[in-house]
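Student: Below you will find the structure I want to go over with you.
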Amino acid sequence: MRVLIDTQCWLWMSASPERLSKHTQELLRDAETVRLLSVASIWELAIKHQLGKISLPVSPLDFVPSRLETTQTDALPISAAHALRVGTLPRHHRDPFDRMIVAQAMVEGVAVLTADRVFARYEVERLRP
Numbered sequence: 068m069r070v071l072i073d074t075q076c077w078l079w080m081s082a083s084p085e086r087l088s089k090h091t092q093e094l095l096r097d098a099e100t101v102r103l104l105s106v107a108s109i110w111e112l113a114i115k116h117q118l119g120k121i122s123l124p125v126s127p128l129d130f131v132p133s134r135l136e137t138t139q140t141d142a143l144p145i146s147a148a149h150a151l152r153v154g155t156l157p158r159h160h161r162d163p164f165d166r167m168i169v170a171q172a173m174v175e176g177v178a179v180l181t182a183d184r185v186f187a188r189y190e191v192e193r194l195r196p
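Residues 68 to 196, numbered by this note's numbering, are exactly what the sequence shown covers, in order.
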């Protein structure tokens, strides 16, 4: 299974896995699961860290690459198809990062791991943490 992990869930997976259900922890540990993190989430982390809205133990420049490696998560680049799909989405979210994650999930045909209930309003498979 391929799973696109939203920003908050990836932070939980990386630093506070106990915030995830046992089922989700098992899914993320499964060798058959391909874990994906949108480049939009990496961008969001960098911006929010700079603005003081999130705290990380080290700078995003160090945190993100090391946690991608330790969690065996692949960064999902933003393609033209992803960017264009954003323009077709209903306006359930105002957050451009969430909208990009939804668009990527649609284009790539992957489930999204998110605590955000609004994702259920889109035509994507939502996995709850």
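From the three backbone atoms N, C-alpha and C, an ideal C-beta is built for every residue, glycine too.
1) Pick out whichever of T91, L123, T137 has its Cα sitting closest to the Cα of E111.
2) If you draw a straight line from the C-alpha of Q139 to the C-alpha of S133, how long is it?
3) Quick check on M68: buried or exposed, where buried means 16 or more other Cβ atoms within 10 Å of its Cβ?
4) Where in the region 107 to 146 do unbroken runs of the beta strand (DSSP E), each at least 3 residues long, occur, reported from the N-terminal end onward?
5) Under a three-way DSSP split, which group does S28 fall into?
6) Could you give the DSSP three-state label for V70: helix, strand or coil?
Tutor: Let me lay it out:
1) Nearest option by C-alpha distance: L123.
2) Approximately 10 Å between the Cα atoms of the pair.
3) The residue in question, M68, is exposed, as its Cβ has fewer than 16 Cβ neighbours within 10 Å.
4) With a minimum length of 3 residues, the continuous beta strand (DSSP E) runs that stay inside the region 107 to 146 are 140 to 143.
5) Lying before the first or after the last residue shown, residue 28 is absent from the chain, which here runs from 68 to 196.
6) It is a strand residue.
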